[in-house]
Structure formats: structure tokens, C-alpha cells
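Structure record follows, encoded as C-alpha cells.
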Amino acid sequence: MRSSWLPGPETAPPPARPLRFRAPRLMGVVNVTPDSFYAGSRAPSTEVAVERALRLIEDGADLIDVGGQSTRPGSDSVSLEEERARVIPVIAALARRTKAPISVDTDKAAVAAEALDVGARIVNDVTALRGDPEMAAVAARAERTVLMHMLGTSPKTMQDEPRYDDVVEEVREFLSERMDAFSAAGGDPARVWIDPGVGFGKDLQDNLALIKHVGDLAAGAPVLLGVSRKSFLGKIRADRGPQERLPASLALASWAGFAGVEVLRVHDVAETKRALEALSAVVGAP
Numbered sequence: 459m460r461s462s463w464l465p466g467p468e469t470a471p472p473p474a475r476p477l478r479f480r481a482p483r484l485m486g487v488v489n490v491t492p493d494s495f496y497a498g499s500r501a502p503s504t505e506v507a508v509e510r511a512l513r514l515i516e517d518g519a520d521l522i523d524v525g526g527q528s529t530r531p532g533s534d535s536v537s538l539e540e541e542r543a544r545v546i547p548v549i550a551a552l553a554r555r556t557k558a559p560i561s562v563d564t565d566k567a568a569v570a571a572e573a574l575d576v577g578a579r580i581v582n583d584v585t586a587l588r589g590d591p592e593m594a595a596v597a598a599r600a601e602r603t604v605l606m607h608m609l610g611t612s613p614k615t616m617q618d619e620p621r622y623d624d625v626v627e628e629v630r631e632f633l634s635e636r637m638d639a640f641s642a643a644g645g646d647p648a649r650v651w652i653d654p655g656v657g658f659g660k661d662l663q664d665n666l667a668l669i670k671h672v673g674d675l676a677a678g679a680p681v682l683l684g685v686s687r688k689s690f691l692g693k694i695r696a697d698r699g700p701q702e703r704l705p706a707s708l709a710l711a712s713w714a715g716f717a718g719v720e721v722l723r724v725h726d727v728a729e730t731k732r733a734l735e736a737l738s739a740v741v742g743a744p
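For the sequence shown, our numbering assigns the number 459 to the initial residue and increments by one for each residue that follows.
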């Protein structure tokens, strides 16, 4: 007698389609800040920041993102002098100790320019070149530029009642327009990575839609995605903070591999690397 929960021939699922999976490159996060949302990414000194970066590279990071200003929702901007003092010594010291590409996470052209001079190769601007009129010219010097979608140009106000008619289409159009602006300023669009800005001026459903349809955002450029330990994950299943969000972060990192994401910005490199390696092994099995 057939168990009631086993499907019969008439309800059997169709044959599975071949899986397409490619593990994204991993960008390890180093925040030289006292107030970034995840304490595990904070480095209170140059020495601690450099050692954290080297450990992330040992764990499997392909590149490192160094930031000196928190971009968590509601955060305040720091002065040019303070941000420069935080990130430039770290990038200079790190560039002497690794060949891994270094990214500077900043919306200030002066910080980006000095970072490139001391060894950074990537400019990661959360304002997509809108926050500083000099940034496009500086970013054009970089080997790669990350253009990210954010509602407005300030993390302090980006979560003030965000609304979209079609978040996927609006983000795609924004990123396409910013690529055109970068090109008009002398930048090479072939050197751009686009970032849909999960958590930057979006509600839970907006974030989920962007992740689900991340493959539709290409706009002619590879996608960089950052979902690691972000607050929207805590709204899917109520949690007590970023320290509880690793399982959800790994699930979405795995999804990114099926969605064609080029780069994943993550806090937990070793764990993400292992998850992606396991998936790669399954997909590659006969």
C-alpha cells in the first residue's frame, strides 16, 4: 500500500533541469570604524585591520574592501581628515604585504585618489559617483569601479520610507544611467561592477525581489552583491542581531552562485568559501 505522502506516477515532478552554478569571487570586508553594524568586521587600529585582511585572504578572499566610514542605516558621515587617517595607512601597509586587489570603500574623491596612490586598485562608491563631483575622474583611474544603487546619497536618510513602483526595473535603470555618466566622464564601462545596494533604501520585499532577480540587473556589467549579515535577514526570521545571521547569509551566498553574481562582499570568508565549494562539488558531480 502506497504511503499517502509519497507521490504517485501521476503527480511525479518533471525531470530536474541541469544546474548552472559558478562560485562568485569573495570580497572580504575590513571596516576601520568604531560603528559599523557588524562588530566582527571592525578593526580599531591599522595593525588590527591589516591582520584581519591578511587572515581573510588566507581564508580564501580574492580581494579586500577597506572602509573608514560606516554606511549602516542612520549613520553619520565622518570628516575627510578622519576617513583618510583611518583607511590610507591600512591600504598602504596591506599593499606591501599582499598581491590581492584592494578596494577602498568611500564616497570622497580625495580619499579614493590617495588610496589609489598607495596601492588600492578598486573604488567602491555607495553613491555611484553622485556624492562628490570629482569622484568620476578619480574612479576612472581605478582598475575597477563599483557603482551601487542607494535611495538618495546619504545612509543617514536612505531608509526614510523607501518606495518603488518596480524596484528591479528602477534599480536596473539607475545603474544603467550611472554607467553612462561614468563613461561620459572618461571612465571605461568595461571596468565597472554594479551593485543593487541591498539594504540601502529598500524594505524587506524590495531586498528579496532584487536578490531573486539579480540576474536581470546586469545592465551590461558584472554584479557585485552584498547581503552578508544585513538587517533585512533578521526580518525574515526575527533574530537578536547580526551575530545570528550567518546561516541566512550563507544561503543567499549560495543563491548568488546560481544567479550569476560575479563578486560577493562578505564578512565570513572561510564559511562562505566552504559553502560554495560544497555546492560546486555537487553541481560538478556526474
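Just so you know, even glycine gets a beta-carbon here, dropped at the ideal spot from N, CA and C.
Considering Cα atoms alone, identify which of the options is closest to residue i.
{"i": "Leu477", "options": "Gly718, Glu729, His725, Lys731", "result": "Gly718"}
{"i": "Ala570", "options": "Glu631, Ala551, Thr556, Gly525", "result": "Gly525"}
{"i": "Thr556", "options": "Gly577, Leu704, Ala568", "result": "Gly577"}
{"i": "Ala586", "options": "Gly644, Pro654, Ala501, Val487", "result": "Pro654"}
{"i": "Gly657", "options": "Leu666, Val562, Arg649", "result": "Leu666"}
{"i": "Glu628", "options": "Val724, Ala598, Asp674", "result": "Asp674"}
{"i": "Val488", "options": "Arg649, Thr564, Ser537", "result": "Thr564"}
{"i": "Glu505", "options": "Glu572, Glu516, Val490", "result": "Val490"}
{"i": "Trp713", "options": "Ser738, Arg695, Gln701", "result": "Ser738"}
{"i": "Phe640", "options": "Ala594, Ile549, Val584, Val536", "result": "Ala594"}
{"i": "Ala642", "options": "Ala597, Arg703, Ala519", "result": "Ala597"}
{"i": "Arg554", "options": "Asp583, Glu541, Thr529, Glu509", "result": "Glu509"}
{"i": "Leu538", "options": "Glu516, Phe716, Asp590, Met637", "result": "Asp590"}
{"i": "Ser561", "options": "Asn582, Ile546, Ala543", "result": "Asn582"}
Between residue i and residue j, is the Cβ-Cβ spacing less than 9 angstroms?
{"i": "Ile580", "j": "Leu512", "result": "no"}
{"i": "Leu722", "j": "Leu691", "result": "no"}
{"i": "Leu605", "j": "Leu574", "result": "no"}
{"i": "Arg687", "j": "Asp726", "result": "yes"}
{"i": "Val548", "j": "Ala600", "result": "no"}
{"i": "Leu704", "j": "Ile669", "result": "no"}
Quick check on the DSSP output: the beta strand (DSSP E) that includes residue i runs from which residue to which?
{"i": "Val524", "result": "521-525"}
{"i": "Leu722", "result": "721-724"}
{"i": "Leu683", "result": "682-684"}
What are the boundary residues of the alpha helix (DSSP H) that residue i is part of?
{"i": "Gly692", "result": "691-694"}
{"i": "Arg732", "result": "727-742"}
{"i": "Arg636", "result": "625-642"}
{"i": "Leu708", "result": "704-717"}
{"i": "Arg483", "result": "That residue, Arg483, is in no alpha helix (DSSP H); its beta strand (DSSP E) goes 483-489."}
{"i": "Leu650", "result": "Looking at the sequence provided, one finds Val at residue 650 rather than Leu. It is not in any alpha helix (DSSP H) - Val650 instead sits in the beta strand (DSSP E) that spans 650-653."}
{"i": "Leu668", "result": "662-670"}
{"i": "Glu619", "result": "Note, Glu619: premise wrong, no alpha helix (DSSP H); not H, not E."}
{"i": "Val508", "result": "504-517"}
Once the 5 residues before and after residue i are set aside, which same chain residues still bring their CB inside 7 angstroms of it?
{"i": "Leu708", "result": "Glu729, Thr730, Ala733"}
{"i": "Val741", "result": "Leu477, Phe479"}
{"i": "Gly518", "result": "Leu484, Val727, Ala728, Lys731"}
{"i": "His671", "result": "Val626"}
Who are the Cβ neighbours of residue i in its own chain at under 6 angstroms, not counting the five residues just before and after it?
{"i": "Met485", "result": "Leu521, Asp523, Val721, Arg723"}
{"i": "Glu592", "result": "Ala567"}
{"i": "Leu514", "result": "Gly486, Val727"}
{"i": "Glu572", "result": "Ile546"}
Open item on the list: Restricting to runs no shorter than 3 residues, where is the beta strand (DSSP E) found entirely within the stretch 552-608?
Closed with: List check, beta strand (DSSP E) in window: 560-563, 580-583, 602-606.
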